[in-house]
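Residue numbering for the sequence shown follows this note's numbering, starting at 63 and increasing by one per position.
We treat Cβ as the ideally placed atom computed from N, Cα and C, and that holds for glycine.
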Amino acid sequence: MPLYDKNDIVEVKNREKKKKKLTKLFIFLIVASIITGLYFTKDMWLNKMRGIGRQYNTIINSGTLAEGNFPIEINGEYGYQLKQTQDKFIILSDVHIFFYNIDGTLMRKRQHAYTNAVLQAENGRALIYEIGGDDFCIENEEGILYKNNFSNNIMFARISPEGYTAVVTTSDNYDCEVFVYDSKGKSIYERKCMESVSDISFINQSSGCVLSYLMAENGSLTTAVQQIDFSESVENWTSPGLDTAGLDVYGYNDGAFVVGMDACGYINENGQISSYYRYDGELKGGASVNGKSAVIINNYDRRKYIMVLFTGNTSEPLIIDLGQETVDVIVYGGLAYVMCKEEIRAYDFDGVLRSTATISDSYSGFARSKEYIFLKGYNKIDRIDYES
């Protein structure tokens, strides 16, 4: 039987105590480092965790049509346009412009003289112009705010949330010319362009814009984007040509999103192409707000109907198979709303279905307000309550 010295026993016990203390300290440091890491990376994982918590809580809206002032009949008003802005919606027909509040009460109506009239609306204001005409008008439910005339024909015009207006016209000596006005109608910027401008989007609280240009390269149409500050005479950057004929451009702080006929893509803040996505089917619609973008594509031959979501200029496309033909899409309040033939759905940009409402197949488009969705029928406008 081995013999132990008293001092040896004490030393062994001290070593065991020291080992336990070191183990506890080691565990504490590991836990502290994990907590610190989670705190400083919370922006990367917190929203995703929130999305997981909500993904099974899809709101089913009834889709019941509002009564009272609805439906609003559009009898004898050919090919009307519908825009929702602030607490009102605006209708432009071939003869009249109407301003309604969200309860369907008519606030103002007037007759216009445009033949090929186009309606744009932002922040309660309506921009009306005629394709090929020589003037535009800014108005609201109280009356006409101002008008402006040109010596050349208007190709298209846009209005910003701050009330600024950009107009692109034909030109005698250039491919086109751009004119920009502030909210009171004062001219603040002009540009003579050597290429055809296909769209304009205001950025940075209307202190600048992005322009998309159509160009012919190697026998096909491409789209370049140019960023402009209205206080400078020279553009900030011009991107390479994106391999598609651009239809719409949406600017934001980190660059621009281009929706083209057969593809879409992002231009980053340095003017470089940062992502590109080619459609497998026919583009039905696209929308983008603050860099969050959605396009809807119908492949009729394969009976495949999808929505593709993008969260920014380097994001991978998130493809959602909708299972039924798509009609219209908007981005509102950080969600992508898609109208299918028999249903309206709202998805977040993680692809989680947030809400639905059943509708009939007789609508060709829709507009979203905070509480309602306005449904565009052939000769009437319906309204449904919609919670996302």
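Spatial distance of residue i from residue j (CA atoms)
i: Asn-163; j: Lys-150; result: 4 Å
i: Gly-439; j: Asn-202; result: 24 Å
i: Leu-415; j: Tyr-399; result: 10 Å
i: Tyr-409; j: Asn-214; result: 44 Å
i: Gln-143; j: Asn-441; result: 11 Å
i: Ala-128; j: Val-180; result: 28 Å
i: Asp-237; j: Ile-96; result: 59 Å
i: Asp-105; j: Phe-411; result: Residue placement at Asp-105 is flagged as unreliable, the pLDDT there being 49, under the threshold of 50; the coordinate-derived value follows with that caveat. In a straight line, the C-alpha of Asp-105 is about 15 Å away from that of Phe-411.
i: Gly-322; j: Ile-92; result: 50 Å
i: Met-217; j: Ile-193; result: 6 Å
i: Gly-130; j: Asp-165; result: 8 Å
i: Leu-397; j: Asn-235; result: 44 Å
i: Tyr-314; j: Asn-119; result: 31 Å
i: Ile-262; j: Ile-122; result: 37 Å
i: Met-289; j: Tyr-275; result: One point to set straight first is that residue 289 is Gln, not Met, in the sequence displayed. C-alpha separation (whole angstroms): 11 Å.
i: Leu-168; j: Phe-161; result: 6 Å
i: Leu-273; j: Asn-210; result: 22 Å
Residue environment, residue i, which counts as buried when at least 16 other CB atoms sit within 10 Å
i: Thr-231; result: buried
i: Glu-184; result: buried
i: Ile-250; result: exposed
i: Val-357; result: buried
i: Asp-296; result: According to the sequence as given, residue 296 is Val; it is not Asp. Exposed: under 16 other Cβ atoms inside 10 Å.
i: Asn-360; result: buried
i: Gly-303; result: buried
i: Ile-159; result: buried
i: Arg-172; result: exposed
Check whether residue i and residue j have beta carbons under 8 Å apart
i: Gly-195; j: Ile-421; result: no
i: Ser-282; j: Lys-254; result: no
i: Val-311; j: Ser-301; result: no
i: Glu-294; j: Asp-316; result: no
i: Thr-376; j: Ser-350; result: no
i: Met-401; j: Ile-382; result: no
i: Ile-221; j: Tyr-208; result: no
Top-ranked residue by Cα proximity to residue i, from the options
i: Thr-147; options: Ser-450, Ile-435 and Glu-449; result: Ile-435
i: Arg-187; options: Leu-168, Phe-212, Ser-155 and Lys-145; result: Lys-145
i: Lys-403; options: Ser-269, Asp-390 and Tyr-394; result: Asp-390
i: Gly-374; options: Val-320, Ile-368 and Ala-175; result: Val-320
i: Ile-136; options: Asp-447, Thr-285 and Ile-443; result: Ile-443
i: Val-393; options: Ser-355, Pro-379 and Ile-216; result: Ser-355
i: Gly-347; options: Thr-388, Ile-329 and Gly-353; result: Thr-388
i: Tyr-176; options: Ile-190, Asn-235, Gln-182 and Gly-166; result: Ile-190
i: Thr-306; options: Gly-333, Leu-207 and Tyr-338; result: Tyr-338
i: Ser-269; options: Tyr-243, Ser-258 and Asp-156; result: Tyr-243
i: Ile-406; options: Met-256, Asp-447 and Glu-378; result: Asp-447
i: Lys-366; options: Asp-342, Glu-449 and Glu-252; result: Asp-342
i: Ser-258; options: Lys-246, Ala-278 and Lys-248; result: Ala-278
Anticipated Cβ contact below 8 Å, residue i with residue j, distance rounded
i: Ala-219; j: Cys-271; result: 13 Å between Cβ atoms; not a contact.
i: Tyr-226; j: Phe-198; result: Not a contact, Cβ separation roughly 13 Å.
i: Leu-371; j: Leu-380; result: 4 Å
i: Gln-267; j: Glu-239; result: That belief does not hold up - the Cβ atoms of Gln-267 and Glu-239 are roughly 24 Å apart, past 8 Å.
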